[in-house]
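Trainee: There's a structure below that I have some questions on.
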Amino acid sequence: MTASTELKSRDDRAHVLRAGMVRKGALERKVIVRDVSESGARIRCDVELDIGEEIRLQFGDHPPLMATVRWSHGGVCGVEFECRVALDANARPTSAALNRVAKNSASAA
């Protein structure tokens, strides 16, 4: 197997510029969502988020999405959503996807 075949394939990303909010415990921070895919997002935040940290990411008028910080560098980080989220043509989570996420979050509580 070559190094290129061992690489994990990535979901298509939509380049966006959206205001959002990150919540971790009692801390809330405004963020800028720069890329979004069905499995995660790249965000810019004024505080460094720790790798492995679980957060809630909200952008637009959608319910928050549970996510885990996968990488972080200089106020920019990549997060992986707890559940894959279907996106519409404008790179916004679809209603059906958000209903599934809300249902999964409620059953986990």
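Quick note on numbering: the sequence shown equals residues 978 to 1086 in the working numbering.
Ideal Cβ placement from N, Cα and C applies to all residues, glycine included.
Tell me whether the beta-carbon of Ile-1032 lies closer than 8 Å to the beta-carbon of Val-1056.
Mentor: As a first step, residue 1032 is located in the sequence shown; it is residue number 55 there, counting from the start. As a first step, residue 1056 is located in the sequence shown; it is residue number 79 there, counting from the start. In this structure, Val-1056 lies closer than 8 Å to Ile-1032 by Cβ.
Trainee: Mind the definition here: the region 1063-1071 touches the region 1023-1030 only if three or more C-beta pairs lie below 8 Å; say whether that holds.
Mentor: no
Trainee: Using three-state DSSP, classify His-1039 as helix, strand or coil.
Mentor: Residue 1039 sits at position 62 when you count from the first residue of the sequence shown. DSSP places His-1039 in coil when its eight states are reduced to three.
Trainee: Ile-1009: which of Arg-990, Val-1024, Pro-1041 and Ile-1020 sits nearest, CA to CA?
Mentor: As a working note, residue 1009 is residue 32 in the sequence shown. It is Ile-1020.
Trainee: Over what stretch of residues does the beta strand (DSSP E) that includes Asp-1065 continue unbroken?
Mentor: The residue given as residue 1065 occupies position 88 in the sequence shown. Element bounds for Asp-1065: n/a, residue is neither H nor E.
Trainee: Classify Val-1046: buried if its beta carbon has 16 or more other beta carbons within 10 angstroms, exposed otherwise.
Mentor: To locate residue 1046, count along the sequence shown from 1; it is residue 69. It is buried - the Cβ of Val-1046 has at least 16 other Cβ atoms within 10 Å.
Trainee: Please confirm whether Phe-1036 and Gly-997 have their CB atoms less than 8 Å apart.
Mentor: Looking up residue 1036 in the sequence shown gives position 59. Looking up residue 997 in the sequence shown gives position 20. Yes, they are a contact pair.
Trainee: When the distance is taken between beta carbons, is Val-1024 closer than 8 Å to Arg-990?
Mentor: Working through the sequence shown from its first residue, we reach residue 990 at position 13. Working through the sequence shown from its first residue, we reach residue 1024 at position 47. No, the pair does not count as a contact, with Cβ atoms beyond the cut-off.
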